[in-house]
Amino acid sequence: MTLTATCHCGATRIDILKAPEGARTCNCTYCHRVGAVWAYFAPGDVTIHSATHDRTYSASGGLNQHHFCGHCGGNTHGDSPDWASAYNADGTPKGEAGVVPEQRIVAINMRMVDGFDLNSLPVEALDGRNNW
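Our numbering numbers the first residue of the sequence shown as 7 and each following residue consecutively.
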């Protein structure tokens, strides 16, 4: 089952090879403003077919990259280290503190997938404002 995420104007189109098993919301200063529902995928499970007006924003020197359409403003996806591999949802380390994972992960804003029932997806609320 392939899902397709698009920005509002259609300039960015991303195929996801499988439906997510869960998603997350976050109240960090960025995510709170965009209202995204993030589902996470290995880079190989995501294909970006077009990103004509792709722009990125990073408050972390490029470590975490938020992608949005420069034409319509739709916040489509993100690219970051796989923080969940090294840290628990409450921000505590799973092992050594201060580790930046080498493996990267792609976050897709599931609000950009037309016809996908967000109510069918378990959504975990993360406290990104206070935990990292």
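In this text, a Cβ means the ideal position worked out from N, Cα and C, and glycines have one as well. For clarity, every value in this text was computed on a predicted model and none was experimentally measured.
Alpha-carbon to alpha-carbon, Glu102 and Gly84: Rounded to the nearest angstrom, the two C-alpha atoms are 25 Å apart.
In this structure, what does DSSP give as the bridge partners for Ala29? Per the DSSP secondary-structure output, Ala29 pairs in a beta bridge with Val129.
Thinking C-alpha only, which one of Val52, Ala90, Gly97 is nearest Arg19? For the residues Val52, Ala90, Gly97, the minimum Cα distance to Arg19 belongs to Val52.
From this set, Ser91, Pro87, Pro99, Ile111, which residue's C-alpha is nearest Tyr46's C-alpha? Nearest option by C-alpha distance: Ile111.
My output table needs one value for Ala139: the three-state DSSP class, helix, strand or coil. The question about residue 139 has no answer here: the residues shown for the chain are numbered 7 through 138.
Could you say which of Gly79, Thr10, Met118 lies nearest to His59 if we only look at CA atoms? Measuring from the Cα of His59, the nearest candidate turns out to be Gly79.
Integer-rounded CB distance, given that Lys100 should sit under 8 Å from Ala143: Since the displayed the chain opens at 7 and closes at 138, residue 143 lies outside it and no answer follows.
What is the DSSP secondary structure of Cys75, reduced to helix, strand or coil? Cys75: strand per DSSP, three-state reduction.
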